[in-house]
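Peer 1: Protein chains in written order, with the working numbering: chain A, 303 to 630; chain B, 52 to 155; chain C, -15 to 79; chain D, 13 to 103. If you scroll down you'll find the structure; I have some questions about it.
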Amino acid sequence: MEEHLINNVLLGLLMMTGFAIVRMRSLLAVTMLTSIYSLLSASLFVVLDAVDVALTEAAIGAGISTILMLATVALTTDEEKAPRHKPLLPLFVVVATGAALIYGTLDMPHYGDPMAPIHLHVAPTYLHVTPEEIGVPNVVTSVLASFRGYDTLGEVTVIFTAGAGVLALLGYRTRRRNSQNPEIRKMVVLRVITKLFFPLILLFALYVQFHGDYGPGGGFQAGVIFATGFILYALAYGLGNVQRIIPYRTLRIMMVAGVLIYIGVGIESMLLGGKFLEYRILADDPVTGQHLGIMLIELGVGITVAAVILIIYYGFVSRQHQEPPEDT
Amino acid sequence: MGAAVHILSWICLLGGACFLLVGAIGVLRLPDFYTRLHAVSVSDTMGAGLVLAGLMLQGGLSMVTVKLVLIFYFMIFTGPTATHALAEAALQAKLKPVVDDREP
Amino acid sequence: MYIVVSIVILIAIAAGLLRAFLGPTLYDRVLAVNMVGTLTVLIVAVLGFMTERPEFLDIALVYVLISFVSTIAVLRVYAHRNTEAAGGTTGPGDK
Amino acid sequence: MHDVMHGVLGLYNYWIVIILMMTGFYTVIARPNLVKKIIGLFIFQTSVFILFISMAKIEGGTAPIISEGARIYSNPLVKALASTPIRYPTS
């Protein structure tokens, strides 16, 4: 009952935020509201028992996509132009579609109904089989990494393609010097705190990476947190210093290496006489084999994701800083 | 866990809730950015700290408390750093505080 | 009893949201985001205890770190824009 | 009267999801600005996740991480499905 209340209030707040986002003109304000929207929806996911989704949404929505959106707004304009005419046609389309969809919900099983068709078929099997065959407490991880390993491979490939696409479109401009922005030098508090936090964030990323079998987490989230740590460092000390830790060339190699680790696990299991991505073969004991396989592919996912996000960030920021000196 | 710890944890939780409420009212009602910053720092430090302390007492000696201590540790460093950076950015952007002009 | 605390947190989130809607300056909005971030951490922690699965505190930990980094990112971008708006003043270190 | 209340509460999640979805859709089709369009897509996408996850919730269930003391778990498959596309917006 209490959860229902929190759920309903959070949904109401989300709706208000959605309307405000549509109405506002200033793009920076809209970006801030999107960040709040993402935080709210992540807490809603926790209420609705989807902890893995909540972790991903927190790391992606509130962190990386806000930062990237800000970088985009910084490269383009801040203010949205007023529309020239009244949007009557879109309004009509939207209201009609919405009404049809709401009419469609009238036949749906009610929220929280344990006898809904969705709960009767595949899901109970996964819940029963996971403890015996895979031995991993987190069923979402076992579904993602083991039962549906092919899907996750496809997903990693998509992320890799995205990274390659950004690389091709934005490219990367090398910088002649370590531009030490004077105002960065002034932010003493930020720099000290960053020094304190940077190792802790990386440590926490490793925890999320290898604890994903037992709690919420996994390779993707860990990769994002890892990249966020480096982005924090770049914000406090400038991009040049980060590139000394993790140069661009290394990132490109990492991006490929993650995908190759994933595929390599599949090929290894084929060489040992199983099917592609059949982890049972990897060790003498099937459960140990599953553990090993899941750990390795999660590692591959983590490496690729971290590299791709950092590549996107480098691409955006190296542009942003390059522009002003050209007209001086 | 004794009843005394239980009561103490509830005192902490409800006290934290009071501070959060005060901070929320402050954010809505205070007249300009700098005073609102002050209101947020009330809920960021005392409010969050007391709520987390109450939860720690509920958790007892376990992994849960270790994680809560970590969250607390992160919060007491990040909160003031963010507020400080925010205030400095606003000052540099020459945001004027609201001042009472009347003669004393 | 946890419900009392979580309702208070929800009220505070609503206040922060309202400030983000109204906020005359951008700094008010950043402040609101920062506040909502802290409150989200608290509500996730309290929810973990309410549903008797407190091991989900990992999520709260991620929130603390991420919301800090995004606040700093916002401020850095603004600072950059401000110097640009002031006529692209680049200091001696940038020459 | 009680039945109506029950029905409204049972479908409330879906209705809000549809309103959010339409908000995002409107932003995509009515606003010329590209950043605004992307934010519209973001709203739309999140609403789809909420739809999935609301369907996966079971009354009295907890998150699908096997532990002692918990009997009912919410549907893990839907969560896996929802946490897969959440990763694309970065691209």
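Built from N, CA and C at the ideal position, the CB exists for glycine as well. It should be emphasised that the depicted structure is a prediction, and the values quoted were computed from it without experimental measurement.
Is DSSP giving D:S79 helix, strand or coil here?
Peer 2: What you label residue 79 of chain D is simply residue 67 of the fourth sequence in a count that begins at 1. Of the three classes helix, strand and coil, the one that applies to D:S79 here is coil, per DSSP.
Peer 1: Leaving aside the five residues before and after B:T134 along the sequence, list all residues of the same chain whose C-beta is less than 8 angstroms from its C-beta, in chain order.
Peer 2: Taking the second sequence and counting its residues from 1, the one referred to as residue 134 of chain B is at position 83. Only L88, V91, S92, D95 meet the Cβ criterion.
Peer 1: Throw me the rounded Cβ distance for the A:L496 and A:M557 pair, which I believe falls under 8 angstroms.
Peer 2: As a working note, residue 496 of chain A is residue 194 in the first sequence. As a working note, residue 557 of chain A is residue 255 in the first sequence. Here the sequence assigns Thr to residue 496 of chain A, which means Leu is not the residue at that position. Actually they are not in contact, since the Cβ atoms of A:T496 and A:M557 sit about 25 angstroms apart, beyond 8 angstroms.
Peer 1: In chain order, what residues of the same chain have a beta carbon less than 8 angstroms from the beta carbon of A:R478, not counting five sequence neighbours either side?
Peer 2: Against the first sequence, residue 478 of chain A aligns to sequence position 176. At A:R478, the pLDDT of 48 sits below 50, so the modelled position is not reliable; the number obtained from the coordinates is stated separately. Same-chain partners within the cutoff: there are none.
Peer 1: Below 7 angstroms on C-beta distance, what does C:R13 contact in chain A?
Peer 2: One-based indexing of the third sequence puts residue 13 of chain C at position 29. Near C:R13 (Cβ distances below 7 angstroms), the residues of chain A are A331, M334.
Peer 1: Contact between the stretch 63 to 79 of chain B and the stretch 95 to 112 of chain B: three or more CB pairs below 8 angstroms?
Peer 2: Enough Cβ pairs lie closer than 8 angstroms, so yes.
Peer 1: Could you list which residues in chain C have their beta carbon closer than 8 angstroms to that of D:A75, in chain order?
Peer 2: The residue you call residue 75 of chain D lines up with position 63 of the fourth sequence. Going along chain C in sequence order, the residues near D:A75 (Cβ under 8 angstroms) are R37, F40.
Peer 1: I'd like the ranges of any alpha helix (DSSP H) spanning at least 4 consecutive residues and lying wholly in the stretch 399 to 451 of chain A.
Peer 2: DSSP runs (the alpha helix (DSSP H)) wholly in the stretch 399 to 451 of chain A: 424 to 431, 441 to 444.
Peer 1: Could you tell me which of A:L471, A:G591, A:D586 sits nearest to A:L579, measuring between CA atoms?
Peer 2: Looking up residue 579 of chain A in the first sequence gives position 277. With distances taken between Cα atoms, A:L579 lies closest to A:G591.
Peer 1: Using the Cα positions of B:L137 and C:T9, report the straight-line distance between them to the nearest angstrom.
Peer 2: Here residue 137 of chain B corresponds to residue number 86 of the second sequence, with the count starting at 1. Here residue 9 of chain C corresponds to residue number 25 of the third sequence, with the count starting at 1. Each residue's Cα considered, the two are about 12 angstroms apart.
Peer 1: Output yes if chain D places a C-beta closer than 8 angstroms to the C-beta of A:Y535; else output no.
Peer 2: Translated into positions along the first sequence, residue 535 of chain A becomes position 233. So no, A:Y535 is outside the interface.
Peer 1: Please list the terminal residues of the continuous alpha helix (DSSP H) segment that includes A:Y516.
Peer 2: As a working mapping, residue 516 of chain A is identified with position 214 in the first sequence. No alpha helix (DSSP H) holds A:Y516; DSSP gives it neither H nor E.
Peer 1: Identify the contact partners of C:V48 in chain B, using a Cβ-Cβ distance below 8 angstroms as the criterion.
Peer 2: For this step, residue 48 of chain C is matched to residue 64 along the third sequence. The answer, in chain order, is I122, F125, M126, T129.
Peer 1: Taking only three categories from DSSP, how would you classify B:T129?
Peer 2: For the purposes of this step, residue 129 of chain B is taken as the residue at position 78 of the second sequence. Helix at B:T129.
Peer 1: Any beta carbon of chain A sitting closer than 8 angstroms to that of B:A136?
Peer 2: Start at 1 with the first residue of the second sequence, and residue 136 of chain B comes out as number 85. At least one chain A Cβ lies under 8 angstroms of B:A136.
Peer 1: In three-state DSSP terms, what is A:T336?
Peer 2: Translated into positions along the first sequence, residue 336 of chain A becomes position 34. Here A:T336 sits in helix by DSSP.
Peer 1: Does DSSP classify D:S86 as helix, strand or coil?
Peer 2: Stepping through the fourth sequence from its first residue, residue 86 of chain D is reached at position 74. Coil at D:S86, not helix or strand.
Peer 1: Would you kindly work out how many angstroms separate the C-alpha atoms of D:G73 and C:I27, rounded to a whole number?
Peer 2: For the purposes of this step, residue 73 of chain D is identified with residue 61 of the fourth sequence, where counting begins at 1. For the purposes of this step, residue 27 of chain C is identified with residue 43 of the third sequence, where counting begins at 1. Using only the alpha carbons, I get a separation of about 19 angstroms.
Peer 1: Are C:A29 and B:L121 touching if we call contact CB-CB under 8 angstroms?
Peer 2: Residue numbering aside, residue 29 of chain C sits at position 45 when the third sequence is read from its first letter. Residue numbering aside, residue 121 of chain B sits at position 70 when the second sequence is read from its first letter. The answer is no: Cβ separation not under 8 angstroms.
Peer 1: Check A:S328 in the structure and name its three-state DSSP category.
Peer 2: For this step, residue 328 of chain A is matched to residue 26 along the first sequence. It is a strand residue.
Peer 1: Within 8 angstroms (strictly less), CB to CB, does D:N87 reach chain C?
Peer 2: The count along the fourth sequence starts at 1 and reaches residue 87 of chain D at position 75. False, the Cβ-Cβ gap to chain C never drops below 8 angstroms.
Peer 1: Step through the CB atoms of chain A and report whether any lies within less than 8 angstroms of the CB of C:T60.
Peer 2: Taking the third sequence and counting its residues from 1, one reaches residue 60 of chain C at position 76. A small correction: the amino acid at residue 60 of chain C is Arg; Thr does not occupy that position in the sequence shown. Closer than 8 angstroms to some Cβ of chain A, the Cβ of C:R60 qualifies, so yes.
Peer 1: Within its chain, find whatever has a CB closer than 6 angstroms to the CB of C:E39; leave out the 5 residues flanking it on each side and keep chain order.
Peer 2: Counting from one through the third sequence, the residue named residue 39 of chain C turns up at place 55. Nothing listed; no residue qualifies.
Peer 1: Can you list, in chain order, the residues of its chain with a C-beta nearer than 7 angstroms to that of A:T463? Leave out the 5 residues immediately preceding and following it.
Peer 2: Here residue 463 of chain A refers to the residue found at position 161 of the first sequence. Closer than 7 angstroms at Cβ, skipping near neighbours: no residue.
Peer 1: Run through DSSP, which three-state label would A:E381 get?
Peer 2: Counting from one through the first sequence, the residue named residue 381 of chain A turns up at place 79. In this structure, A:E381 counts as strand in the three-state DSSP scheme.
Peer 1: Between the C-alpha atoms of B:L146 and B:P82, what's the straight-line distance to the nearest angstrom?
Peer 2: The residue given as residue 146 of chain B occupies position 95 in the second sequence. The residue given as residue 82 of chain B occupies position 31 in the second sequence. Each residue's Cα considered, the two are about 13 angstroms apart.
Peer 1: Which first and last residues belong to the alpha helix (DSSP H) in which D:K49 is found?
Peer 2: Residue mapping note: residue 49 of chain D aligns to position 37 of the fourth sequence, counting from 1. Per DSSP, D:K49 belongs to the alpha helix (DSSP H) from 46 to 68.
Peer 1: Return the chain-ordered list of same chain residues with a C-beta closer than 7 angstroms to the C-beta of B:A141, the five sequence neighbours on each side being excluded.
Peer 2: Walking along the second sequence from the start, residue 141 of chain B turns up at place 90. These residues qualify, in order along the chain: F84.
Peer 1: Less than 7 angstroms between C-beta atoms, sequence neighbours within five positions excluded: which residues of the same chain meet that for A:G400?
Peer 2: Reading the first sequence from its first residue, position 98 is the one you call residue 400 of chain A. Closer than 7 angstroms at Cβ, skipping near neighbours: no residue.
Peer 1: Give the DSSP bridge partners of D:T9, in chain order.
Peer 2: This structure does not reach residue 9 of chain D, given that chain D is present from 13 up to 103, and the question cannot be answered.
Peer 1: Around the C-beta of D:H18, are 16 or more other C-beta atoms found within 10 angstroms, so that it is buried, or is it exposed?
Peer 2: By one-based count along the fourth sequence, residue 18 of chain D stands at place 6. Its Cβ having fewer than 16 others within 10 Å, D:H18 is exposed.
Peer 1: For A:V397, count the other beta carbons within 10 Å of its own beta carbon; 16 or more makes it buried, fewer makes it exposed. Which is it?
Peer 2: Stepping through the first sequence from its first residue, residue 397 of chain A is reached at position 95. Label assigned to A:V397: exposed.
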